[in-house]
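Structure record follows, encoded as structure tokens.
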Amino acid sequence: MAVMKHSVPGPSMTRLEIICGVIYLPIYMIGLSLGLNLVFGLLNVHPTEVTANLWYFALNFLFLALIFRRWLLASLPVGRWKFWPFLQAVVLGFALYYALTWLQGLLYELFSLSPSSPNDNYVGSLVSAQFTAMAISIVILGPFAEEILFRGVIFGNLRRLHPLVAYIVSVVLFAVIHVVSYIPQIGWSAALLSAIGYFPGGIALAWTYAKADSIWASMTLHAILNGIGVGLLQLEGLG
Numbered sequence: 001m002a003v004m005k006h007s008v009p010g011p012s013m014t015r016l017e018i019i020c021g022v023i024y025l026p027i028y029m030i031g032l033s034l035g036l037n038l039v040f041g042l043l044n045v046h047p048t049e050v051t052a053n054l055w056y057f058a059l060n061f062l063f064l065a066l067i068f069r070r071w072l073l074a075s076l077p078v079g080r081w082k083f084w085p086f087l088q089a090v091v092l093g094f095a096l097y098y099a100l101t102w103l104q105g106l107l108y109e110l111f112s113l114s115p116s117s118p119n120d121n122y123v124g125s126l127v128s129a130q131f132t133a134m135a136i137s138i139v140i141l142g143p144f145a146e147e148i149l150f151r152g153v154i155f156g157n158l159r160r161l162h163p164l165v166a167y168i169v170s171v172v173l174f175a176v177i178h179v180v181s182y183i184p185q186i187g188w189s190a191a192l193l194s195a196i197g198y199f200p201g202g203i204a205l206a207w208t209y210a211k212a213d214s215i216w217a218s219m220t221l222h223a224i225l226n227g228i229g230v231g232l233l234q235l236e237g238l239g
């Protein structure tokens, strides 16, 4: 008898893990940054932006690793029968990302759009200031947190209810988190156009997670994509 493929991605989160994830999402988006700024102010500490970012990502890593340790261990692609689907999902997800990015570029040309990414510009300035610390934050710590929250908590659980809704909600929220803090500087229309630039990544990462049945696959792809981006930013800075 043929074994049917699971219709939902990976091991299920417990009810408590889902609740903690939903509660932690606004903390990740707003609360932790405000809390760190408050603590720095009370201690009369004035860290550089690179150091503040490293603290932010490191604390997120610690909190989320503790909250989701059971689910993360259950999701590990251990064994040959799990590793090959994992590897296939990462490779195909990588190809999907660049295919979607290429298609998006064609649409930009068709409608004569030239969107900029204030987040990329900001990250680029920090990478130039301190490459190693930013590489750790963006390539290792950032993907860990974002994949747990946006693909694990949001996409993974919504997909059990309605796959299309899961893609829409997770992709939109993933885009919003990267542009919302820049709205006062660039305005709503520019922010919206910038947010669309994150759609290929959001779609490819969600698809990779679902394809591999493991959150570690989308984490790996996210780390690879961010690593390429950080490397290119560093090269631009050196040039």
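At position 232 of the sequence shown the residue is numbered 232 (full-length UniProt numbering), and the sequence of numbers has no breaks. Ideal placement from N, C-alpha and C gives every residue a C-beta, glycine not left out.
For this session: Starting from Arg160, trace the alpha helix (DSSP H) both ways and give me its first and last residue.
Result: In the sequence shown, residue 160 corresponds to position 160, counting from 1. Here Arg160 belongs to no alpha helix (DSSP H), and DSSP marks it neither H nor E.
For this session: Check whether the segment 128–146 touches the segment 188–201, taking contact to mean three or more Cβ pairs, one atom from each stretch, closer than 8 Å.
Result: no
Exercise. To the nearest angstrom, how far is it from the Cα of Arg15 to the Cα of Val169?
Worked result: For the purposes of this step, residue 15 is taken as residue 15 along the sequence shown, with counting starting at 1. For the purposes of this step, residue 169 is taken as residue 169 along the sequence shown, with counting starting at 1. Answer to the nearest angstrom: the Cα atoms are 20 Å apart.
For this session: Return helix, strand or coil for Val176, following the three-state DSSP convention.
Result: As a working mapping, residue 176 is identified with position 176 in the sequence shown. If DSSP states are grouped into helix, strand and coil, Val176 belongs with the helices.
For this session: Indicate whether Val139 and Asn226 have their beta-carbon atoms separated by less than 9 Å.
Result: Residue numbering aside, residue 139 sits at position 139 when the sequence shown is read from its first letter. Residue numbering aside, residue 226 sits at position 226 when the sequence shown is read from its first letter. Yes, the pair counts as a contact, with Cβ atoms nearer than the cut-off.
Problem set entry | Range of the contiguous alpha helix (DSSP H) that encloses Glu17 | In the sequence shown, the residue the question calls residue 17 occupies position 17. Arg15 to Pro26 is the span of the alpha helix (DSSP H), which, as asked, contains Glu17.
Problem set entry | Candidates Val153, Val179, Ile196 and Gly229, of which the one nearest Tyr209 by Cα | As a position in the sequence shown, residue 209 is number 209, starting the count at 1. Answer by Cα proximity: Val153.
Problem set entry | Spatial distance of Leu103 from Ser117 (CA atoms) | By one-based count along the sequence shown, residue 103 stands at place 103. By one-based count along the sequence shown, residue 117 stands at place 117. Answer to the nearest angstrom: the Cα atoms are 18 Å apart.
For this session: Assign Tyr56 to buried or exposed, taking buried as 16 or more other Cβ atoms, counted over all protein chains shown, within 10 Å of its Cβ.
Result: Taking the first residue of the sequence shown as position 1, residue 56 is located at position 56. Flag for Tyr56 reads buried.
For this session: At 4 residues or longer, and completely inside the segment 106–159: list those alpha helix (DSSP H) runs for me, N to C.
Result: 118–129, 131–135 and 142–146
For this session: Could you tell me how far apart the beta carbons of Ala204 and Leu100 are, in whole angstroms, since I believe they sit closer than 8 Å?
Result: Start at 1 with the first residue of the sequence shown, and residue 204 comes out as number 204. Start at 1 with the first residue of the sequence shown, and residue 100 comes out as number 100. Indeed, because the Cβ distance is near 6 Å, the residues count as touching under 8 Å.
Problem set entry | Span of the alpha helix (DSSP H), counted from its first residue to its last, around Leu32 | On the sequence shown, position 32 is the one that residue 32 refers to. Leu32 to Leu42 is the span of the alpha helix (DSSP H), which, as asked, contains Leu32.
Exercise. Is Phe86 closer than 9 Å to Ala206 when the C-beta atoms are compared?
Worked result: Within the sequence shown, the letter at position 206 stands for residue 206. Within the sequence shown, the letter at position 86 stands for residue 86. No, the pair does not count as a contact, with Cβ atoms beyond the cut-off.
For this session: Please confirm whether His222 and Tyr198 have their CB atoms less than 9 Å apart.
Result: Position 222 of the sequence shown, counted from the start, is the residue given in the question as residue 222. Position 198 of the sequence shown, counted from the start, is the residue given in the question as residue 198. No, the pair does not count as a contact, with Cβ atoms beyond the cut-off.
Problem set entry | Distance between Gly124 and Leu233 (C-alpha atoms, nearest Å) | In the sequence shown, counting from the first residue as 1, residue 233 sits at position 233. In the sequence shown, counting from the first residue as 1, residue 124 sits at position 124. Roughly 6 Å separates the two Cα atoms.
For this session: Write down the C-beta distance between Met29 and Asn157 rounded to the nearest angstrom, noting that I regard them as a contact closer than 8 Å.
Result: Position 29 of the sequence shown, counted from the first residue, corresponds to residue 29. Position 157 of the sequence shown, counted from the first residue, corresponds to residue 157. Between Asn157 and Met29 the Cβ distance is about 18 Å, and since that is not below 8 Å, they are no contact.
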